[in-house]
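Quick notes on the structure that follows.
Protein chains: 2
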Amino acid sequence: MTLPGFTGSLLDRADEARHDEAVVGAMRADPDALLLDMDGLHPIGAEQGALGWTRLRHVTIETELALLGTIEGTPRFVALQPGVSAVRRTPELFAAITALPASDAGTYATARSLVDWHARHGFCANCGTATLVFRAGWGRACPACHAQHFPRVDPVVIMLAQHGRGADARIVVGRQPAFPPGRYSALAGFLEPGESIEEAVARELKEEAGVTVHSVRYLASQPWPFPSQLMIACIGLTDDDALTIDRTELEEAFWVTRTEVAAALAHEPGARFLPPPPYAIAHTLLSRWLTEA
Amino acid sequence: MTLPGFTGSLLDRADEARHDEAVVGAMRADPDALLLDMDGLHPIGAEQGALGWTRLRHVTIETELALLGTIEGTPRFVALQPGVSAVRRTPELFAAITALPASDAGTYATARSLVDWHARHGFCANCGTATLVFRAGWGRACPACHAQHFPRVDPVVIMLAQHGRGADARIVVGRQPAFPPGRYSALAGFLEPGESIEEAVARELKEEAGVTVHSVRYLASQPWPFPSQLMIACIGLTDDDALTIDRTELEEAFWVTRTEVAAALAHEPGARFLPPPPYAIAHTLLSRWLTEA
Numbered sequence: 001m002t003l004p005g006f007t008g009s010l011l012d013r014a015d016e017a018r019h020d021e022a023v024v025g026a027m028r029a030d031p032d033a034l035l036l037d038m039d040g041l042h043p044i045g046a047e048q049g050a051l052g053w054t055r056l057r058h059v060t061i062e063t064e065l066a067l068l069g070t071i072e073g074t075p076r077f078v079a080l081q082p083g084v085s086a087v088r089r090t091p092e093l094f095a096a097i098t099a100l101p102a103s104d105a106g107t108y109a110t111a112r113s114l115v116d117w118h119a120r121h122g123f124c125a126n127c128g129t130a131t132l133v134f135r136a137g138w139g140r141a142c143p144a145c146h147a148q149h150f151p152r153v154d155p156v157v158i159m160l161a162q163h164g165r166g167a168d169a170r171i172v173v174g175r176q177p178a179f180p181p182g183r184y185s186a187l188a189g190f191l192e193p194g195e196s197i198e199e200a201v202a203r204e205l206k207e208e209a210g211v212t213v214h215s216v217r218y219l220a221s222q223p224w225p226f227p228s229q230l231m232i233a234c235i236g237l238t239d240d241d242a243l244t245i246d247r248t249e250l251e252e253a254f255w256v257t258r259t260e261v262a263a264a265l266a267h268e269p270g271a272r273f274l275p276p277p278p279y280a281i282a283h284t285l286l287s288r289w290l291t292e293a
Numbered sequence: 001m002t003l004p005g006f007t008g009s010l011l012d013r014a015d016e017a018r019h020d021e022a023v024v025g026a027m028r029a030d031p032d033a034l035l036l037d038m039d040g041l042h043p044i045g046a047e048q049g050a051l052g053w054t055r056l057r058h059v060t061i062e063t064e065l066a067l068l069g070t071i072e073g074t075p076r077f078v079a080l081q082p083g084v085s086a087v088r089r090t091p092e093l094f095a096a097i098t099a100l101p102a103s104d105a106g107t108y109a110t111a112r113s114l115v116d117w118h119a120r121h122g123f124c125a126n127c128g129t130a131t132l133v134f135r136a137g138w139g140r141a142c143p144a145c146h147a148q149h150f151p152r153v154d155p156v157v158i159m160l161a162q163h164g165r166g167a168d169a170r171i172v173v174g175r176q177p178a179f180p181p182g183r184y185s186a187l188a189g190f191l192e193p194g195e196s197i198e199e200a201v202a203r204e205l206k207e208e209a210g211v212t213v214h215s216v217r218y219l220a221s222q223p224w225p226f227p228s229q230l231m232i233a234c235i236g237l238t239d240d241d242a243l244t245i246d247r248t249e250l251e252e253a254f255w256v257t258r259t260e261v262a263a264a265l266a267h268e269p270g271a272r273f274l275p276p277p278p279y280a281i282a283h284t285l286l287s288r289w290l291t292e293a
């Protein structure tokens with residue numbers, strides 16, 4: 001069974017250390033301590049197949065550091081970059097991620113989400129005052145109103161609606177206007193306050209494709225660091241294959257068979273659509289649907 | 001199968017309407033439009049077994065409104081309260097929630113999380129400027145840097161570690177110091193950036209109880225509006241029943257058998273522990289473990 005992309009990081013997050021400045025100080029002073037090589041939000045050297053790390057003692061640090069945790073006992077840090085650009089995705093970045101082993105991609109996801117969150121959350125949402133980093137980079141505290149702020153993780157449901165069973169089963173795939181030409185994927189949307197996962201899945205499928213599902217089943221999850229989502233992959237069943245496509249969200253959507261999904265995942269010439277990339281959980285979802293559902 | 005608490009709201013969130021001021025204006029002008037009766041964050045009258053609603057045209061509105069959606073075609077709003085108290089939980093509140101049907105509790109959860117988020121997020125985290133409500137109450141926009149901010153939903157994993165199988169199976173329950181006397185529940189913790197659900201479950205069980213789990217399985221989810229969590233309930237298996245309790249998180253934790261869990265859920269005299277309340281997903285988790293796992 002293939003693990004979803006960005007999972008399998010070898011990081012021990014050492015959460016308890018974050019609360020103790022002396023412990024964090026000792027980790028930072030460790031002669032073996034490592035700093036993640038980043039150019040803005042880009043993982044330097046990742047296209048060669050591994051994250052790059054530099055000994056902390058060999059670099060001059062001009063910004064604050066966040067403690068990522070330890071790998072094989074060695075402390076790992078990333079530099080916070082208050083002015084880092086919010087450029088979210090480039091072909092170079094996705095080539096680099098594709099080249100990384102899953103464990104390194106997971107470590108990068110953690111670092112990227114954290115650095116990006118700090119860059120866009122320098123002020124207190126409660127009172128507007130500039131905040132200060134605390135807990136070794138895992139929060140920001142307000143010196144004025146004393147509110148504490150923690151990195152966001154935004155849950156997103158990503159799902160297939162399935163019509164029919166067995167060999168006759170079909171699922172809905174759709175494409176957003178920003179997708180590369182030919183690519184189709186699972187539908188997705190942000191879960192809102194006051195919803196369960198199952199309710200968000202049903203709502204999004206209704207809104208985007210006009211499909212009513214029941215028997216929603218959870219399949220897998222992954223972090224998605226653009227900027228910091230938790231992708232929650234599900235399948236729901238429907239008894240009605242009529243589609244009403246919300247054109248503000250989707251450029252197109254249609255039903256596909258098992259044979260068509262298999263052809264797409266195999267990148268066969270003449271396949272009806274191009275699949276999502278392997279590191280996206282939509283790819284995991286389509287693969288598992290073929291084998292498990 | 002019992003649905004988790006706070007799920008089953010009859011709200012149609014009418015997401016598409018939020019983007020169209022004319023549509024929201026028409027809903028607000030609807031003579032049947034209703035406003036949720038709230039005293040701060042308390043649902044007025046809920047202890048009588050239903051949420052209270054007042055016709056919008058009968059009240060003087062001095063604050064902004066958020067569009068909750070429609071129920072049975074009737075628009076439903078809640079008043080935003082910039083200065084609302086952050087008192088989080090009172091016995092009166094939990095009595096009221098217990099009295100509500102699940103569908104009303106779910107609608108209340110949505111309203112409460114939204115009102116509370118606005119009250120604590122009046123300023124732009126990116127630049128410190130006071131922000132303005134937009135999208136019919138489902139976001140805040142910064143007039144200075146144009147950043148858009150959306151209500152937070154914080155994913156939390158809540159889980160059982162199971163040792164042994166069948167009739168010999170046992171699970172870990174623990175108590176936080178703030179729990180009512182005698183109450184034990186599933187362990188829980190916030191999911192962090194860069195983690196999957198399965199990874200967060202394994203990390204939290206390791207941190208809080210020293211238990212290493214494999215084969216993590218998703219069971220159910222619920223919204224938890226204190227202030228705005230998504231509770232994700234799972235079970236993991238372990239081959240080692242040694243416990244190393246993190247006393248900064250837990251006052252106590254121990255293994256319990258099926259018989260002990262059944263006695264607790266039935267509130268039998270002499271039961272080894274008092275269970276979590278029925279509207280908490282930990283209750284759902286324990287109940288389903290008895291019948292399904």
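Chains A and B, in that order, are what the protein sequence lines are. In this text, residue positions in the first sequence follow the UniProt record's numbering: the first is 1, and each later residue adds one. In this text, residue positions in the second sequence follow the UniProt record's numbering: the first is 1, and each later residue adds one. Don't be surprised by glycine CBs; every beta carbon is placed ideally from N, CA and C.
Whether residue i touches residue j by CB criterion (9 Å)
i: residue 357 of chain A; j: A/Tyr218; result: Residue 357 of chain A lies beyond the residue range present for chain A, which begins at 1 and ends at 293; the question has no answer from this structure.
i: B/Thr238; j: B/Leu205; result: yes
i: B/Pro31; j: B/Asp37; result: no
i: residue 294 of chain A; j: A/Ser228; result: Outside the shown range of chain A (1 to 293) lies residue 294 of chain A, about which nothing can therefore be said.
i: A/Gly25; j: A/Leu80; result: no
i: A/Ala33; j: A/Arg76; result: yes
i: B/Phe190; j: B/Pro151; result: no
i: B/Val157; j: B/Ala188; result: yes
i: B/Ala253; j: B/Glu208; result: yes
i: A/Ala202; j: A/Thr212; result: yes
i: B/Ile235; j: B/Gln148; result: no
i: A/Ile197; j: B/Leu230; result: yes
i: A/Gly210; j: A/Asp168; result: no
i: B/Trp289; j: B/Ile97; result: no
i: B/Ala105; j: B/Phe6; result: yes
Residue i: first and last residue of the uninterrupted alpha helix (DSSP H) it sits in
i: A/Glu195; result: No alpha helix (DSSP H) contains A/Glu195, which DSSP labels as neither H nor E.
i: A/Leu265; result: 258–265
i: B/Thr54; result: Looking at the DSSP string, B/Thr54 is not in any alpha helix (DSSP H); the run it does join, the beta strand (DSSP E), is 53–55.
i: A/Leu11; result: Taken as a continuous stretch (DSSP letters only), A/Leu11 belongs to no alpha helix (DSSP H), as it is neither H nor E.
i: B/Leu290; result: 281–292
i: B/Ala102; result: 102–120
i: A/Glu72; result: No alpha helix (DSSP H) holds A/Glu72; DSSP gives it neither H nor E.
i: B/Ile97; result: 91–99
8 Å Cβ cut-off: residues of chain B touching residue i
i: A/Ala109; result: Pro193, Gly194
i: A/Ala130; result: Gly128
i: A/His121; result: Ala125, Asn126
i: A/Ser103; result: Here the premise fails: no neighbours, minimum Cβ distance about 11 Å.
Start and end residues, beta strand (DSSP E) containing residue i
i: B/His163; result: 154–163
i: B/Leu34; result: 34–36
Contacts that residue i makes with chain A (C-beta to C-beta distance below 7 Å)
i: B/Gln222; result: Ser196
i: B/Arg152; result: Arg152
i: B/Pro276; result: Within 7 Å Cβ-Cβ: nothing; B/Pro276 doesn't reach chain A, min ~17 Å.
i: B/Gly106; result: Gly194
i: B/Arg203; result: Arg13
i: B/Pro4; result: Ser196
i: B/Tyr218; result: Tyr218
Residues that residue i bridges to, as DSSP identifies them
i: A/Arg28; result: Its beta-bridge partners do not exist; DSSP assigns none.
i: A/Glu252; result: A/Arg175
i: B/Trp138; result: The partner list for B/Trp138 (beta bridge, DSSP) is empty, contrary to what the question assumes.
i: B/Leu67; result: B/Phe77
i: B/Phe150; result: In the DSSP output, where bridge partners are listed per residue, B/Phe150 has none listed.
i: B/Ser185; result: B/Gly174
i: A/Phe123; result: A/Ala130
i: A/His42; result: A/Asp39
i: A/Leu3; result: Note: A/Leu3 sits in no beta bridge, so no partner.
i: B/Leu274; result: B/Arg183
Neighbouring residues, chain B, relative to residue i (Cβ below 9 Å)
i: A/Thr7; result: Glu195, Ser196, Glu198, Glu199
Chain A residues whose Cβ lies nearer than 9 Å to that of residue i
i: B/Asp39; result: Ordered by position in chain A, no residue passes the 9 Å Cβ test against B/Asp39, which lies about 19 Å from the chain.
i: B/Glu207; result: Arg13, Asp15, Glu16
Amino acids of chain A, ordered along the chain, whose beta-carbon sits closer than 8 Å to that of residue i
i: B/Pro225; result: Pro193, Gly194
i: B/Pro155; result: Val153, Pro155, Leu230
i: B/Leu114; result: Pro193, Gly194
Which runs of the beta strand (DSSP E) fall wholly inside the segment 215–245 of chain A and span at least 3 residues, in chain order? 229–238
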